[in-house]
Amino acid sequence: MPIVTHLHGGRNTEESDGYTEAWYLPNALNLPASYAAVGSFYEGFKGKFEDRFGDPWGRGDAVFQYANEERASTFWFHDHALGVTRLNVYAGLAGFYLLRGGPADLPAGVLPGPAPRPSDPPGRKYHEIPLVIQDRSFHLDGSLFYPAGRAAFDKFRGPYIPGSDISPIWNPEFFGNMMVTNGRTWPFLQVEPRRYRFRFLNGCNSRYLILKIVTHPLARRPAHAALPFWQIGSEGGFLPTPVQRDQLLIAPAERADVIVDFASVPVGAELYLINEGPDRAFRGGKSGTDFASADPATTGQVMKLAVGALTTPDTTVPPSQLSLPSFEPLGEASRVRRLSLSEQTSASLPHGGPRQMLLGTLDRNGAAVPLRWDAPVTENPTVGATEIWEIHNLTTDAHPIHIHEVQFQILNRQQAGHAVRPAEPWERGFKDTAVAYPGVVTRLKATFDRAGRYVWHCHMLEHEDNEMMRPYTVG
Numbered sequence: 105m106p107i108v109t110h111l112h113g114g115r116n117t118e119e120s121d122g123y124t125e126a127w128y129l130p131n132a133l134n135l136p137a138s139y140a141a142v143g144s145f146y147e148g149f150k151g152k153f154e155d156r157f158g159d160p161w162g163r164g165d166a167v168f169q170y171a172n173e174e175r176a177s178t179f180w181f182h183d184h185a186l187g188v189t190r191l192n193v194y195a196g197l198a199g200f201y202l203l204r205g206g207p208a209d210l211p212a213g214v215l216p217g218p219a220p221r222p223s224d225p226p227g228r229k230y231h232e233i234p235l236v237i238q239d240r241s242f243h244l245d246g247s248l249f250y251p252a253g254r255a256a257f258d259k260f261r262g263p264y265i266p267g268s269d270i271s272p273i274w275n276p277e278f279f280g281n282m283m284v285t286n287g288r289t290w291p292f293l294q295v296e297p298r299r300y301r302f303r304f305l306n307g308c309n310s311r312y313l314i315l316k317i318v319t320h321p322l323a324r325r326p327a328h329a330a331l332p333f334w335q336i337g338s339e340g341g342f343l344p345t346p347v348q349r350d351q352l353l354i355a356p357a358e359r360a361d362v363i364v365d366f367a368s369v370p371v372g373a374e375l376y377l378i379n380e381g382p383d384r385a386f387r388g389g390k391s392g393t394d395f396a397s398a399d400p401a402t403t404g405q406v407m408k409l410a411v412g413a414l415t416t417p418d419t420t421v422p423p424s425q426l427s428l429p430s431f432e433p434l435g436e437a438s439r440v441r442r443l444s445l446s447e448q449t450s451a452s453l454p455h456g457g458p459r460q461m462l463l464g465t466l467d468r469n470g471a472a473v474p475l476r477w478d479a480p481v482t483e484n485p486t487v488g489a490t491e492i493w494e495i496h497n498l499t500t501d502a503h504p505i506h507i508h509e510v511q512f513q514i515l516n517r518q519q520a521g522h523a524v525r526p527a528e529p530w531e532r533g534f535k536d537t538a539v540a541y542p543g544v545v546t547r548l549k550a551t552f553d554r555a556g557r558y559v560w561h562c563h564m565l566e567h568e569d570n571e572m573m574r575p576y577t578v579g
């Protein structure tokens, strides 16, 4: 399998970013002679890296340099190989990368801790816990199941290419029938009546999560929240101020750094982390009103929380009293770019369903200009430029849009004929992934301070793997 690692949220030079066409195959003895062993950008980035850092790349590997100069943040890394990202990430090529320290972090003891570390002795208690939530399906023998063809998505059984323009291997989205947290189906966590810091990551291929803590896992949706989340951070580090929330909407690739206080919960009680997002593509709206929640018996449950006795006093600062590190917004923008999200249906079959998802631009009349991956670059900021990107979503789905190399600010959103809505309170820090709702213009501001070739794309991996990704160049 080809792989290339992307540090999601990191700001690094182009050869260390995990460019999707810089993949490489393992140094294996059984590669057919006709196979390309590396992607079309591998050799060029290999030369640039070796000139810049002096560390050689060998056959079947690559060396990346992460400067770790960003704000203290919840990053993650995953495979980014062209056309197979959905498969490699689904198979397990993903993990947390937690960046600590620096002026944008808090002193030890202010927030709940400790967090897990490799050298910890068995049985150590943790009060900061990273949690990656994914949906998966399994064969009866426990091996992972992923649909082999389009029919699993919408029952379409052809004609496929060349009899039509529909690919037999692409599923427009994937939704598993089980929830997995840190690699375990429906696990439980023993907690004490004290504060905990949870770093949530939505690692699903296509599924949006709406997380809530409740007293009964099968409670009618939408359920009453038993405890609030205090969100203190997003993808780019701490928010300007803590935000109290009854539920967390987290798109694929988004992160939420939160504090949950169990001090009011009696010892012996059981709580449940549930998911009220839909078992289909998310289009915005509210659970129970605009869409049916996930199945309460399966994908509507995430994890059980069992409350035990307090073993040590909690000396951390209550979230309502936290003073978070200072936040400096980006400066004035020198340019506004108008970009489009489009869905293309079959041109040869009247009921062929979605054929591919495309990013693109808008022409001078405001019409979408959809572009495939291999079209010439259209986004080319100068080095150091601060720009506003207007994302016009012309599809019926909400798309999580990720821009490599930068941390941006969400400015506002606007639906045609409606007033401008500012970013949500929990979106007012730095972000690397933003939800672009259908029929809405989402405005992002970013500073592009590193020259190189990067990408921006939808982080629903089935969309990304079928044309909803574009290269962009800085400088």
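Just so you know, we're using this note's numbering here: the sequence shown kicks off at 105 and counts up by one. Ideal Cβ placement from N, Cα and C applies to all residues, glycine included. Just so you know, these numbers come straight off a predicted model, no measurement behind them.
Q: Please classify N131: is it buried, with 16 or more other beta-carbons within 10 angstroms of its beta-carbon, or exposed?
A: Stepping through the sequence shown from its first residue, residue 131 is reached at position 27. That one is exposed.
Q | Per-residue DSSP class, three states only, for N192 | A | Taking the first residue of the sequence shown as 1, we reach residue 192 at position 88. Note: N192 maps to helix in three-state DSSP.
Q.
List, from N- to C-terminal side, the beta strand (DSSP E) runs of 3 residues or more that fit wholly inside the region 328–356.
A. 333–338, 341–349, 352–354
(Q) Whole angstroms are fine: how far does the CA of K316 sit from the CA of T499? (A) On the sequence shown, position 395 is the one that residue 499 refers to. On the sequence shown, position 212 is the one that residue 316 refers to. Cα to Cα, T499 sits roughly 28 Å from K316.
Q. Is the distance from the Cβ of P234 to the Cβ of T178 below 9 Å?
A. Your numbering for residue 234 matches position 130 in the sequence shown. Your numbering for residue 178 matches position 74 in the sequence shown. A contact, by the Cβ cut-off of 9 Å.
**Q.** Buried versus exposed call for S391 [16 or more other C-beta atoms within 10 Å across all chains shown]
**A.** Here residue 391 refers to the residue found at position 287 of the sequence shown. Buried, because 16 or more other Cβ atoms sit within 10 Å of the Cβ of S391.
Q. What number of angstroms, rounded off, separates the C-alpha of L426 from the C-alpha of A212?
A. For the purposes of this step, residue 426 is taken as the residue at position 322 of the sequence shown. For the purposes of this step, residue 212 is taken as the residue at position 108 of the sequence shown. Answer to the nearest angstrom: the Cα atoms are 13 Å apart.
Q) Taking the alpha carbon of A141 as the point to measure from, which residue in E154, F552, G162 has its own alpha carbon closest? A) Within the sequence shown, numbered from 1, the residue matching residue 141 stands at position 37. Of the candidates E154, F552, G162, the one whose C-alpha sits nearest the C-alpha of A141 is G162.
Q. Are the C-beta of P417 and some C-beta of chain D separated by less than 9 Å?
A. Any reference to chain D falls outside this structure, which holds one protein chain only.
Q: Express the C-alpha separation of D209 and Q335 in angstroms, rounding to a whole number.
A: To locate residue 335, count along the sequence shown from 1; it is residue 231. To locate residue 209, count along the sequence shown from 1; it is residue 105. Cα to Cα, the separation comes out at about 15 Å.
Q: Please report the Cβ distance between F386 and A502, rounded to the nearest whole angstrom; I am assuming they are in contact, meaning their Cβ atoms lie under 8 Å.
A: Indexing the sequence shown from 1 puts residue 386 at position 282. Indexing the sequence shown from 1 puts residue 502 at position 398. With 8 Å as the limit, F386 and A502 qualify as a contact, their Cβ atoms being about 5 Å apart.
Q: Select from E566, D155, F157 the residue whose C-alpha is nearest the C-alpha of E277.
A: In the sequence shown, the residue the question calls residue 277 occupies position 173. With distances taken between Cα atoms, E277 lies closest to E566.
Q. Can you pull the DSSP bridge partners for E82?
A. Residue 82 lies beyond the residue range present for the chain, which begins at 105 and ends at 579; the question has no answer from this structure.
**Q.** Same chain only: Cβ atoms within 6 Å of Y312, ignoring 5 sequence neighbours per side
**A.** Position 208 of the sequence shown holds residue 312. The answer, listed in chain order, is A355, G381, F386.
Q) What separation, rounded to the nearest whole angstrom, lies between the Cα atoms of P575 and Y123? A) Residue 575 sits at position 471 when you count from the first residue of the sequence shown. Residue 123 sits at position 19 when you count from the first residue of the sequence shown. Each residue's alpha carbon lies about 9 Å from the other.
Q) With 16 as the cutoff for other CB atoms within 10 Å, does F342 come out buried or exposed? A) Along the sequence shown, one-based indexing puts residue 342 at 238. It counts as buried.
**Q.** Whole-angstrom C-beta distance between P526 and N516, which should lie under 8 Å
**A.** On the sequence shown, residue 516 is found 412 positions in, with the first residue counted as 1. On the sequence shown, residue 526 is found 422 positions in, with the first residue counted as 1. 5 Å between Cβ atoms; contact.
Q.
Going by DSSP in three states, E118 sits in which element: helix, strand or coil?
A. Within the sequence shown, residue 118 is the residue found at index 14, counting from 1. Helix.
Q) Would V295 be called buried (16 or more neighbouring beta carbons within 10 Å of its own) or exposed? A) Indexing the sequence shown from 1 puts residue 295 at position 191. It is buried - the Cβ of V295 has at least 16 other Cβ atoms within 10 Å.
**Q.** Any beta strand (DSSP E) of 3 or more consecutive residues that is wholly inside the region 301–325
**A.** 313–318
Q) Are three or more beta carbon pairs between the region 486–494 and the region 547–555 nearer than 8 Å? A) yes
Q. Under the rule that 16 or more other beta-carbon atoms within 10 Å means buried, what is Y558, buried or exposed?
A. Numbered from its first residue, the sequence shown carries residue 558 at position 454. It counts as buried.
(Q) Beta-carbon within less than 6 Å of P220's beta-carbon, same chain only, minus the 5 sequence neighbours each way: which residues are those? (A) Residue mapping note: residue 220 aligns to position 116 of the sequence shown, counting from 1. Excluding sequence neighbours, P220 sits near Y230.
**Q.** Residue range of the unbroken alpha helix (DSSP H) whose run includes R156
**A.** Locating residue 156 in the sequence shown gives position 52, counting from the first residue. Looking at the DSSP string, the run of the alpha helix (DSSP H) that includes R156 is 146–157.
Q | Where P95 falls, given that 16 or more other Cβ within 10 Å makes a residue buried | A | Residue 95 is absent from the model: the chain starts at 105 and stops at 579.
Q | Backbone secondary structure at S391 - three-state DSSP | A | Within the sequence shown, residue 391 is the residue found at index 287, counting from 1. Three-state DSSP puts S391 in a strand.
Q: Helix, strand or coil for S452, going by three-state DSSP, please let me know.
A: The residue given as residue 452 occupies position 348 in the sequence shown. Note: S452 maps to coil in three-state DSSP.
Q) Looking at the unbroken beta strand (DSSP E) that takes in E374, where does it start and where does it end? A) As a first step, residue 374 must be located in the sequence shown, where it is residue number 270. Counting along the chain, the beta strand (DSSP E) containing E374 begins and ends at 374–379.
Q) Can you tell which of M283, G372, R324 has its C-alpha closest to the C-alpha of P297? A) Locating residue 297 in the sequence shown gives position 193, counting from the first residue. The option with the nearest alpha carbon to P297 is G372.
Q: Please state if the CB of D361 and the CB of P216 are separated by a distance shorter than 9 Å.
A: The residue you call residue 216 lines up with position 112 of the sequence shown. The residue you call residue 361 lines up with position 257 of the sequence shown. No, the Cβ-Cβ distance between P216 and D361 is not below 9 Å.
Q: State the DSSP-derived secondary structure class of D467, mapped to helix, strand or coil.
A: Numbered from 1 along the sequence shown, position 363 holds the residue referred to as residue 467. Coil.
Q. In terms of DSSP beta bridges, what is V236 paired with?
A. Your numbering for residue 236 matches position 132 in the sequence shown. Answer is L305.
Q: Could you spell out the range, first to last residue, of the beta strand (DSSP E) harbouring F534?
A: Within the sequence shown, numbered from 1, the residue matching residue 534 stands at position 430. It is not in any beta strand (DSSP E) - F534 carries neither H nor E in the DSSP assignment.
Q | Residues of its chain near N570, where Cβ-Cβ distance is below 6 Å and the 5 sequence neighbours each way are ignored | A | Mapped onto the sequence shown, residue 570 falls at position 466. Within the same chain, N570 has close Cβ partners W274, Q460.
Q) From G337 to I363, what distance separates their C-alpha atoms? A) Position 233 of the sequence shown, counting from 1, holds the residue named residue 337. Position 259 of the sequence shown, counting from 1, holds the residue named residue 363. Using only the alpha carbons, I get a separation of about 10 Å.
Q) From what residue to what residue does the beta strand (DSSP E) around A140 run? A) Counting from one through the sequence shown, the residue named residue 140 turns up at place 36. Here A140 belongs to no beta strand (DSSP E), and DSSP marks it neither H nor E.
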